[in-house]
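The structure appears right after this line, and notes come after that.
Numbering (our numbering), first residue to last: 89 to 635.
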């Protein structure tokens, strides 16, 4: 049977192909989804119902008015050096229109070490801010009203400790915990998969996560207790389809752990949030966000029988793709970031971080972060894309890609379910191997010239690296050592010892650990001391090594 597409091909396309051909023999997205020359209604399911924004399954957005009511939160990720330096950067960004804070912690903080621990040598303040005690946390948020600003903290293994520090710092500002708004990433499964900043074995890490779920339900009700992260999965080399599938599979594991811990789904599910990447293939990225919303809504309603519509909503933060930034011709990164940010907005993100042009070379300068923030503001105020909800809905190409990502991610999730769930899939290396294969295939395509990266393997220029890069003063490490020495010399060390013993005893039971962790940090027990106490009870995770 001849289709309208066949007729169009014969009438219009074939004569052109005889003269000029096409750029390459096949066209597909980075996820391997084949692309037609042009899409039409035959490429979509006959029963496709797009629905409306703010209604199940939320393909078109979680709010009925989206950005016509208010823009996404412009939440620039920042933190470096000392708490004083990072506080100055936060106030710089807030004064220029940033709407929320996003805290980057240094590597020792991320893996539960104080700045004076031998394991922290040479890393203090390098990739984020160094936080060891309640005094550091209070300095970090000095003159920033925590009842008016929402804060996202990219922290995982010691997330309970950082949230405890934040709660106590707020209390000392006179802000009660029920007034706080924000997120802790708190997604340990993706650390085992892609990032590596884990501390404890998986079962103990999951216990800390569900303890936080339970505590915040009653005491910090406006806090998002986890940001289930596909961002780092994508940074490790996954495709867009894998990013959706593995992220939602991890989300399923967290829901199951919370249910096993005795919570009911509608008690904690409205506080779940997600964190996705935005890469360069514009239409695939827009479709990815739409497919993820639809798939999660179905999982929560059909699989977990959630009744509260807020439990069905996939709310997410987006960060533009760090791994797409190039050290060569760094100004090109402004364009990449703008297009990635536009895809996130067209896909319906709730908050957004735009990377700075110099991040492939160093921590960003003030000038670079201002350009990154202005990129969001230009999209919001000058492009018009925020004036209508889900403006690409009904596009044959976008709806086709949305359906393809939805179906392919479903297949991955079913495969992971058959293995016994995300935790088993991680322990057996399945997820890691899939990501590694995708990353290798992409790198081969770059090296063969099949994937053009402007300024790297095509359109190359001879150039000198920029001279005005931000550099962290190594003297901050010694200053941090001295602050901790003074803290330990002046605090009530008997009280500290008693609290650490109480924490260790509670960790051996099923008692919720959040209240005792809060008591610890309030009484000047350091981050490292809390984490070391738990290490003594839980042990440390050691990944299997294969050759």
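Beta carbons are placed, not taken as given, at the ideal position from N, Cα and C, and that holds for glycine.
From a predicted model like this one, the values you see are computed outputs, not experimental measurements.
With 16 as the cutoff for other CB atoms within 10 Å, does residue 266 come out buried or exposed?
Locating residue 266 in the chain shown gives position 178, where the first residue counts as 1. So residue 266 counts as exposed.
Q) Could you give the distance in angstroms between the alpha-carbon of residue 359 and the alpha-carbon of residue 204? A) The residue given as residue 359 occupies position 271 in the chain shown. The residue given as residue 204 occupies position 116 in the chain shown. Take the alpha-carbon of residue 359 and the one of residue 204: they are about 35 Å apart.
inquiry  = Can you tell me whether residue 407 is helix, strand or coil according to DSSP?
reply    = Against the chain shown, residue 407 aligns to sequence position 319. Strand at residue 407.
**OP:** Check residue 319 in the structure and name its three-state DSSP category.
**Re:** Position 231 of the chain shown, counted from the first residue, corresponds to residue 319. Correct three-state label for residue 319: helix.
Distance, Cα to Cα, residue 278 vs residue 417? By one-based count along the chain shown, residue 278 stands at place 190. By one-based count along the chain shown, residue 417 stands at place 329. Residue 417 has its alpha-carbon roughly 31 Å from the corresponding atom of residue 278.
**OP:** State the DSSP-derived secondary structure class of residue 109, mapped to helix, strand or coil.
**Re:** Stepping through the chain shown from its first residue, residue 109 is reached at position 21. For residue 109, the secondary structure class from DSSP, reduced to helix, strand or coil, is coil.
Between the Cα of residue 242 and the Cα atoms of 259, 183 and 272, which residue gives the shortest distance?
-> For this step, residue 242 is matched to residue 154 along the chain shown. Per the Cα distances, 272.
- [ ] Specify the secondary structure class of residue 448 as computed by DSSP and reduced to three states.
- [x] Taking the first residue of the chain shown as position 1, residue 448 is located at position 360. Collapsing the DSSP output to three states places residue 448 in coil.
Unbroken stretches of the alpha helix (DSSP H), 4 residues or longer, contained in the region 420-474: With a minimum length of 4 residues, the continuous alpha helix (DSSP H) runs that stay inside the region 420-474 are 420-434 and 454-470.
What does DSSP give as the partner residue(s) for residue 271 in the beta ladder?
In the chain shown, counting from the first residue as 1, residue 271 sits at position 183. Bridge partners of residue 271: 240 and 312.
| Considering residue 339, what are the terminal residues of the alpha helix (DSSP H) in which it resides? | Working through the chain shown from its first residue, we reach residue 339 at position 251. Note, residue 339: alpha helix (DSSP H), 328-348.
Between 245, 284, 293 and 307, which has its C-alpha nearest residue 269's C-alpha?
Stepping through the chain shown from its first residue, residue 269 is reached at position 181. Comparing Cα positions, the closest option is 307.
- prompt: Is residue 397 helix, strand or coil by DSSP?
  reply: Within the chain shown, residue 397 is the residue found at index 309, counting from 1. Helix.
- Item | residue 558 and residue 451 closer than 9 Å at C-beta | What you label residue 558 is simply residue 470 of the chain shown in a count that begins at 1. What you label residue 451 is simply residue 363 of the chain shown in a count that begins at 1. In this structure, residue 451 lies closer than 9 Å to residue 558 by Cβ.
- request: Can you tell me which of the three DSSP states residue 516 falls into?
  value: Against the chain shown, residue 516 aligns to sequence position 428. The three-state secondary structure of residue 516, taken from DSSP, is coil.
Which one of 276, 246, 110 and 229 has the shortest CA to CA distance from residue 176? Taking the first residue of the chain shown as position 1, residue 176 is located at position 88. Looking from the CA of residue 176, the closest CA among 276, 246, 110 and 229 belongs to 229.
| message | Does residue 141 pass the burial test, meaning 16 or more other C-beta atoms within 10 Å, or should it be called exposed? | response | For the purposes of this step, residue 141 is taken as the residue at position 53 of the chain shown. With a threshold of 16 other beta carbon atoms within 10 Å, residue 141 meets it and is buried.
Between the Cα of residue 361 and those of 368, 319 and 326, spot the shortest distance and give me the residue it belongs to.
-> Translated into positions along the chain shown, residue 361 becomes position 273. It is 319 whose Cα lies nearest to the Cα of residue 361.
- Item | Where the alpha helix (DSSP H) through residue 356 begins and ends | Within the chain shown, residue 356 is the residue found at index 268, counting from 1. 353-356 is the extent of the alpha helix (DSSP H) around residue 356.
Margin query: Here's a check: name, in chain order, each residue in its chain whose Cβ is nearer than 6 Å to the Cβ of residue 468, leaving out the five neighbours to either side.
Written below: Looking up residue 468 in the chain shown gives position 380. Result list for residue 468: 159 and 474, in chain order.
Got a sec? Which residues, its chain only, sit under 7 Å from residue 181 by beta carbon, not counting five neighbours each side? As a first step, residue 181 is located in the chain shown; it is residue number 93 there, counting from the start. Annotation for residue 181: 164, 166, 457 and 461 place their beta carbon closer than 7 Å to its own, counting only its chain and skipping 5 residues before and after.
By DSSP, does residue 486 sit in helix, in strand, or in coil?
Reading the chain shown from its first residue, position 398 is the one you call residue 486. Correct three-state label for residue 486: helix.
Tell me which same chain residues have a C-beta within less than 6 Å of the C-beta of residue 405, skipping the five on either side of it? Numbered from its first residue, the chain shown carries residue 405 at position 317. For residue 405, where only same-chain residues beyond five positions count, the Cβ hits under 6 Å are 363 and 439.
Open item on the list: With H, G and I counted as helix, E and B as strand and the rest as coil, what does DSSP make of residue 89?
Closed with: Position 1 of the chain shown holds residue 89. DSSP, reduced to helix, strand and coil, places residue 89 outside both helices and strands of the structure shown, so it counts as coil.
Excluding the 5 residues flanking residue 249 on each side, which residues of the same chain have their C-beta closer than 7 Å to its C-beta? Counting from one through the chain shown, the residue named residue 249 turns up at place 161. The beta carbon of residue 249 lies closer than 7 Å to those of 605, 609, 615, 618 and 619 in the same chain, with the five residues before and after it left out.
Please name the residue or residues paired with residue 681 in a DSSP beta bridge.
Absent from the structure is residue 681, since the part of the chain shown begins at 89 and ends at 635.
ask   = Got a sec: is the Cβ-Cβ distance from residue 124 to anything in chain D below 9 Å?
value = In the structure shown, chain D cannot be found, because there is only a single protein chain.
Give the single residue among 331, 217, 449 and 498 whose Cα lies nearest to the Cα of residue 78. The structure shown does not extend to residue 78, since the chain is modelled only from 89 through 635, so no value can be given for it.
*By the 10 Å Cβ neighbour count, where 16 or more other Cβ atoms means buried, how is residue 146 classified, buried or exposed?*
Taking the chain shown and counting its residues from 1, the one referred to as residue 146 is at position 58. Buried.
Specify, as a first and last residue, the run of the alpha helix (DSSP H) that residue 175 falls within.
In the chain shown, counting from the first residue as 1, residue 175 sits at position 87. Per DSSP, the unbroken alpha helix (DSSP H) holding residue 175 starts and ends at 171-183.
Q) Which two residues bound the contiguous alpha helix (DSSP H) that contains residue 250? A) Your numbering for residue 250 matches position 162 in the chain shown. Per DSSP, residue 250 belongs to the alpha helix (DSSP H) from 247-260.
- [ ] Tell me residue 578's beta-bridge partners as DSSP assigns them.
- [x] Walking along the chain shown from the start, residue 578 turns up at place 490. DSSP lists no partner for residue 578.
Cut-off 7 Å between Cβ atoms - residues of its own chain near residue 494, not counting five sequence neighbours on either side: In the chain shown, counting from the first residue as 1, residue 494 sits at position 406. Only 379, 382 and 383 meet the Cβ criterion.
Q: Please report how far the alpha carbon of residue 188 lies from the alpha carbon of residue 108, in whole angstroms.
A: Locating residue 188 in the chain shown gives position 100, counting from the first residue. Locating residue 108 in the chain shown gives position 20, counting from the first residue. Straight-line Cα distance between these residues: approximately 51 Å.
- Task: Let me know the secondary structure DSSP gives residue 361 once reduced to three states.
- Result: Along the chain shown, one-based indexing puts residue 361 at 273. If DSSP states are grouped into helix, strand and coil, residue 361 belongs with the strands.
Tell me the rounded alpha-carbon separation between residue 562 and residue 511. One-based indexing of the chain shown puts residue 562 at position 474. One-based indexing of the chain shown puts residue 511 at position 423. Here the alpha carbon of residue 562 sits roughly 39 Å from the alpha carbon of residue 511.
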